[in-house]
Amino acid sequence: NGVDIVHGAVIFALADFAFAIVSNSHGNVALAITASISFLKSINHGILFAEAIEVSKNPKLATYKIDVTHESGELLAVFQGTVYRKKDKLWNYNF
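Throughout, the working numbering is defined as the position within the sequence shown, counted from one, plus 1.
In structure tokens form, the structure reads like this:
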């Protein structure tokens with residue numbers, strides 16, 4: 002970004018993509034209803050990783066926590082999101 006650090010939108014996008022993958026991993030369409038992120042530390046170089054954890058899941062809702070870390074292991078951001086779990090199966094859609 003303008004001050005030589007990784008833009009927050011890039012970090013959010015990485016976390017949101019991990020959120021999409023994990024929330025749809027059960028085979029049903031899962032659509033975000035909330036998402037938030039806390040930025041803990043800035044970085045201006047290196048490789049970023051996102052690790053997603055399923056916090057809770059029931060037939061209609063599921064909540065996930067995603068940690069974004071730097072290749073050094075430093076925690077950069079914490080993302081939390083909740084999805085609405087539809088009955089529709091993923092393979093019914095043409096991507």
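Glycine is no exception: its CB is placed at the ideal position from the N, C-alpha and C atoms.
Just so it is clear, the structure is predicted and the values come from calculations on it, not from any experiment.
### Query
Is DSSP giving S37 helix, strand or coil here?
Numbered from 1 along the sequence shown, position 36 holds the residue referred to as residue 37. Reduced to three states, the DSSP call for S37 is strand.
### Query
In or out: A1 buried (at least 16 other Cβ within 10 Å) or exposed?
This structure does not reach residue 1, given that the chain is present from 2 up to 96, and the question cannot be answered.
### Bridge partners - I54, DSSP secondary structure assignment
By one-based count along the sequence shown, residue 54 stands at place 53. Looking at the DSSP assignment, I54 forms a beta bridge with K66.
### Task
Confirm, please, whether the CB-CB distance from I54 to A19 is below 7 Å.
Indexing the sequence shown from 1 puts residue 19 at position 18. Indexing the sequence shown from 1 puts residue 54 at position 53. In this structure, the beta-carbon distance from A19 to I54 does not fall below 7 Å.
### Query
With C-beta atoms as the reference, is Q81 less than 7 Å away from S37?
Taking the sequence shown and counting its residues from 1, the one referred to as residue 81 is at position 80. Taking the sequence shown and counting its residues from 1, the one referred to as residue 37 is at position 36. In this structure, S37 lies closer than 7 Å to Q81 by Cβ.
#### Entry: Residue from S43, T70, D17 with nearest C-alpha to T35
For this step, residue 35 is matched to residue 34 along the sequence shown. The residue from S43, T70, D17 with its alpha-carbon nearest to that of T35 is D17.
### Query
Smallest Cα separation from K88: which of H46, L15, N45, A31?
Against the sequence shown, residue 88 aligns to sequence position 87. The residue among H46, L15, N45, A31 with its C-alpha nearest the C-alpha of K88 is A31.
### Message
Can you tell me which residues form a DSSP beta bridge with A16?
### Response
Sequence index remark: in the sequence shown, residue 16 carries index 15 (1-based). According to DSSP, A16 bridges with nothing at all.
### Task
Tell me whether the beta-carbon of L76 lies closer than 7 Å to the beta-carbon of T70.
Within the sequence shown, residue 76 is the residue found at index 75, counting from 1. Within the sequence shown, residue 70 is the residue found at index 69, counting from 1. In terms of Cβ geometry, L76 and T70 form a close pair [threshold 7 Å].
### Query
According to DSSP, is G9 helix, strand or coil?
Along the sequence shown, one-based indexing puts residue 9 at 8. Note: G9 maps to helix in three-state DSSP.
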